[in-house]
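S.K.: The structure that follows is given in the form of structure tokens.
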Amino acid sequence: DTAVSQTPKYLVTQMGNDKSIKCEQNLGHDTMYWYKQDSKKFLKIMFSYNNKELIINETVPNRFSPKSPDKAHLNLHINSLELGDSAVYFCASSQGLLRSEAFFGQGTRLTVV
Amino acid sequence: ILNVEQSPQSLHVQEGDSTNFTCSFPSSNFYALHWYRWETAKSPEALFVMTLNGDEKKKGRISATLNTKEGYSYLYIKGSQPEDSATYLCAFPPTGGGGNKLTFGTGTQLKVEL
Numbered sequence: 001d002t003a004v005s006q007t008p009k010y011l012v013t014q015m016g017n018d019k020s021i022k023c024e025q026n027l028g029h030d031t032m033y034w035y036k037q038d039s040k041k042f043l044k045i046m047f048s049y050n051n052k053e054l055i056i057n058e059t060v061p062n063r064f065s066p067k068s069p070d071k072a073h074l075n076l077h078i079n080s081l082e083l084g085d086s087a088v089y090f091c092a093s094s095q096g097l098l099r100s101e102a103f104f105g106q107g108t109r110l111t112v113v
Numbered sequence: 114i115l116n117v118e119q120s121p122q123s124l125h126v127q128e129g130d131s132t133n134f135t136c137s138f139p140s141s142n143f144y145a146l147h148w149y150r151w152e153t154a155k156s157p158e159a160l161f162v163m164t165l166n167g168d169e170k171k172k173g174r175i176s177a178t179l180n181t182k183e184g185y186s187y188l189y190i191k192g193s194q195p196e197d198s199a200t201y202l203c204a205f206p207p208t209g210g211g212g213n214k215l216t217f218g219t220g221t222q223l224k225v226e227l
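These protein sequence lines are chains A and B, in that order.
Counting from 1, one number per residue, gives the positions in the first sequence under my numbering.
Counting from 114, one number per residue, gives the positions in the second sequence under my numbering.
Shown next, in the form of structure tokens:
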């Protein structure tokens with residue numbers, strides 16, 4: 001069973017479109033995250049949710065809106081996609097305040113054309 | 114040090130060589146230090162989570178040490194194999210862990226050649 005699963009794995013879309021990436025974890029963790037891998041392959045936190053509540057919004061444009069319907073899901077919706085949004089987006093989850101390891105999804109490669 | 118710094122940025126070794134990399138982090142309000150292994154086209158996988166000064170952890174040929182007072186951790190790989198080729202990331206939760214996020218270093222890219 002996949003612990004943290006993201007869909008889709010690849011997403012190619014045109015500028016201006018709205019798209020969503022879904023993430024689900026079956027580990028029973030209480031905290032979920034979205035990370036963005038930038039062009040230099042650096043992992044940067046975007047959002048952190050704990051028990052469905054937004055904890056961290058790391059200066060991400062308003063076009064990005066996370067939604068957590070329950071503890072096991074954290075979806076990322078992006079409005080009015082721009083070329084600069086092209087990146088790999090990783091979902092992750094952990095239990096507690098990060099003294100235990102984070103588990104990552106396989107990543108979603110978003111390409112905006 | 115305000116954030117996580119890793120060195121070297123990249124490393125090429127021969128099969129069988131032993132190697133080590135460094136992760137430097139802010140020593141104040143230390144909470145935990147994570148090491149991840151990230152293979153190309155895959156997702157990061159946890160190697161170790163270290164919390165105590167002087168901690169030493171081992172998984173097969175890979176081990177890590179932690180010095181929270183001076184703010185560094187070393188990752189060692191003994192007898193490197195081609196399958197060890199990956200980017201090794203360290204990460205820490207800033208502000209005493211209350212930030213609910215991991216700040217990642219830029220990683221050390223290891224290439225093990227036959």
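For each residue, glycine too, the CB sits at the ideal point set by N, CA and C.
B:V126 versus chain A: which residues are under 9 Å apart at the beta carbon?
M.R.: What B:V126 touches in chain A: nothing, since even the nearest Cβ is about 20 Å away.
S.K.: Which same chain residues, not among the five before or five after B:N133, have their C-beta less than 6 Å away from its C-beta?
M.R.: These residues qualify, in order along the chain: Y187, Y189.
S.K.: Taking the alpha-carbon positions, what's the A:H77 to A:K67 distance?
M.R.: So the two alpha carbons sit approximately 8 Å from each other.
S.K.: Given a cut-off of 7 Å, decide if B:L227 and B:E128 are closer than it, judged by their beta-carbon atoms.
M.R.: Yes, these two residues count as a Cβ contact at 7 Å.
S.K.: Expressed to the nearest angstrom, what Euclidean distance is found between the alpha-carbon atoms of B:R174 and A:F42?
M.R.: Rounded to the nearest angstrom, the two C-alpha atoms are 26 Å apart.
S.K.: Would you grab the beta carbon distance between B:Q119 and B:C203 for me? Rounded to a whole angstrom, and I think it's under 8 Å.
M.R.: That belief holds up - the Cβ atoms of B:Q119 and B:C203 are roughly 6 Å apart, short of 8 Å.
S.K.: Which chain A residues sit within Cβ distance under 7 Å of B:S156?
M.R.: Result: F90, F104, G105, Q106, G107.
S.K.: In this structure, what does DSSP give as the bridge partners for B:L223?
M.R.: B:L124, B:A199.
S.K.: Compare the C-beta of A:C42 against all C-beta atoms of chain B and say whether one is closer than 7 Å.
M.R.: Position check: residue 42 of chain A holds Phe in this sequence, whereas Cys was assumed. Yes, contact with chain B.
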